[in-house]
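What follows is a short report on a single structure.
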Amino acid sequence: MGKERNSNFELLRIVCMFFIVLHHFSIHGIATNGNFVAFKGSFGNLFVAELLASLGKPAVMIFVFISGFYLINSKFKLKRILNLLWKVFTYSVLILLLVWLLQIGNLSLKNIVVSFLPTSYGAYWFITDYVILSLFVPFINKFILSSDRRFFEMFILTLWLVSSLIPTFLAKSALSNNELLLFLLFYSVGAYIRLYITDRVELKKFAKYFTLIGSLALFGGIVVLNILSLISSRNIFSRSAMHLTTIDSTVALIFAIGVFLYFTSRPKFSSAIINVISASSLAVYIISDNPLLRGVIWQSIFYVNVNSQTMNPWMLLLYGLMSTTLIYIFCTIIDIIKLKVLDTWLNPIKLLNENTVDNLYKKFIVHK
1 MGKERNSNFE LLRIVCMFFI VLHHFSIHGI ATNGNFVAFK GSFGNLFVAE LLASLGKPAV
61 MIFVFISGFY LINSKFKLKR ILNLLWKVFT YSVLILLLVW LLQIGNLSLK NIVVSFLPTS
121 YGAYWFITDY VILSLFVPFI NKFILSSDRR FFEMFILTLW LVSSLIPTFL AKSALSNNEL
181 LLFLLFYSVG AYIRLYITDR VELKKFAKYF TLIGSLALFG GIVVLNILSL ISSRNIFSRS
241 AMHLTTIDST VALIFAIGVF LYFTSRPKFS SAIINVISAS SLAVYIISDN PLLRGVIWQS
301 IFYVNVNSQT MNPWMLLLYG LMSTTLIYIF CTIIDIIKLK VLDTWLNPIK LLNENTVDNL
361 YKKFIVHK
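Numbering-wise (the UniProt record's numbering), the sequence shown opens with residue 1 and increments by one.
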């Protein structure tokens, strides 16, 4: 009998993906080219948009924390990475065919090439960075497990200083937005928590402090900076508010650690329904944030930009929650059908022997 999965982390994956889709509702739906400078709606709606946008990057961090937490003590499986790449490829090509058949979106030669090579040309930046990180996991784990606690702490501290703290205060510096270095930091944080913070009382204490400080700094910072922007009529304050929400923001990192620690400290439980929904969480991202489809979803189906300029703030918030829920449910159903129907006869990765693949990787790459 297999080891029962802790549904705390599966629930956390669902929550994080919901946050990411809410983030896309704001960034791709309300914003113009990813920023709110040209937003013509009310100040209240701008504030709601920025709050929703702030949830995305902490959720990304948590996804990588979970990987570090589990993979630090797990056997490396190359087949897991190949399955992920195949999943992205199949969805990308299927969406391309759908767009072509329905004559929606922009079918340029570039978009066609990107659809066949989605992880090579940045169609899904998270997947690309995650796959690269995953290929280095055997080396990273060997380094972490051979280091003592103090040395590992100094390693994390140095990573945080270079990839997060300095960019938080020096926006657009040479160190800003170094995604691979940041993913290494996030993975290391998850691994550290798994290895060294094992007492539930200690976990709850740290969860409370990090969540409180992170929430006040992140959401409080957005509130204060937007008020300053309103009083002074200067966009620099609202731009600074969005800087708090970036992937290299220490403020967002503190909040993300707090949320992760909270779920880690909860009593273990298992739910088959949660586990099934969680298994499709990445598919929600792959489908809803496809470059050919995202504009259709947010502007042609939900008319987010238009509605964000006419709704009141509470209605906009409710609209964001409802549209995100509908997208999440639809994409999850699509993925479950795909897993049950298409993947049963069209998945060449299943034909590969897992031990053979992993042994070849160890022989030629890891030399283990």
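Just so you know, even glycine gets a beta-carbon here, dropped at the ideal spot from N, CA and C.
Since the model is a prediction, treat every value here as computed from it, not as a measurement.
For residue i, the residue or residues it bridges with in DSSP
i: Thr32; result: Asn35
Whether residue i touches residue j by CB criterion (7 Å)
i: Leu317; j: Val48; result: yes
i: residue 369; j: Tyr196; result: Outside the displayed range of the chain (1 to 368) lies residue 369, so it cannot be described from this structure.
i: Phe65; j: Val251; result: no
i: Ile349; j: Trp86; result: yes
i: Ser163; j: Leu135; result: no
i: Ile95; j: Asn290; result: yes
i: Leu339; j: Leu261; result: no
i: Thr332; j: Ile277; result: yes
i: Val21; j: Ile337; result: no
i: Ser280; j: Arg13; result: no
i: Ser265; j: Arg200; result: yes
i: Ile30; j: Val304; result: yes
i: Thr119; j: Val99; result: no
i: Leu225; j: Phe237; result: yes
i: His243; j: Ala174; result: no
i: Gly68; j: Tyr187; result: yes
Local conformation of residue i per DSSP, three classes
i: Glu4; result: coil
i: Ser176; result: coil
i: Asn275; result: helix
i: Gly295; result: helix
i: Leu321; result: helix
i: Ser280; result: coil
i: Val15; result: helix
i: Gly122; result: coil
i: Phe302; result: coil
i: Arg239; result: helix
i: Arg234; result: coil
i: Val88; result: helix
i: Ile104; result: coil
i: Arg266; result: coil
i: Thr211; result: helix
i: Thr158; result: helix
i: Met311; result: coil
i: Lys75; result: coil
i: Asn129; result: Contrary to the premise, residue 129 reads as Asp rather than Asn in this sequence. Here Asp129 sits in helix by DSSP.
i: Lys40; result: coil
i: Ser249; result: coil
i: Asn147; result: The amino acid at residue 147 is misidentified as Asn; the sequence shows Ser. Coil.
i: Ser54; result: coil
i: Leu184; result: helix
i: Ala49; result: helix
i: Val341; result: coil
i: Asn226; result: helix
i: Thr168; result: helix
i: Thr332; result: helix
i: Phe136; result: coil
i: Leu97; result: helix
i: Leu22; result: helix
i: Leu346; result: coil
i: Ile197; result: coil
is_contact[residue i, chain E] using C-beta, thresh 7 Å
i: Gln309; result: You won't find chain E in this structure, because it holds only one protein chain.
Supposed contact pair residue j and residue i - C-beta distance, whole angstroms, cut 8 Å
i: Asn177; j: Asp248; result: 6 Å
i: Ala241; j: Gly221; result: 7 Å
i: Ile132; j: Leu180; result: 6 Å
i: Leu55; j: His23; result: 5 Å
i: Asn275; j: Ser7; result: 6 Å
i: Thr245; j: Ala53; result: 6 Å
i: Leu185; j: Ile156; result: 7 Å
i: Ser308; j: Asn45; result: 6 Å
i: Val137; j: Phe116; result: 27 Å between Cβ atoms; not a contact.
i: Ile144; j: Ala191; result: 6 Å
i: Phe19; j: Phe263; result: With a Cβ gap of about 13 Å, Phe19 and Phe263 do not count as contacting.
i: Phe25; j: Gly320; result: 5 Å
Proximity test, residue i beta-carbon vs the ligand ADP heavy atom, cut-off 6 Å
i: Met242; result: As far as ligands go, the structure on display features none, and thus does not contain the ligand ADP.
The region 196–216 contacting the region 285–304, beta-carbon criterion three pairs below 8 Å: no
So, do the region 240–258 and the region 52–65 have three or more beta carbon pairs nearer to each other than 8 Å? yes
Give a yes or no on contact between the region 264–271 and the region 293–304, applying the rule of three or more CB pairs nearer than 8 Å. no
Below 8 Å, how does it come out for the region 152–163 and the region 226–246: are there three or more Cβ pairs, yes or no? no
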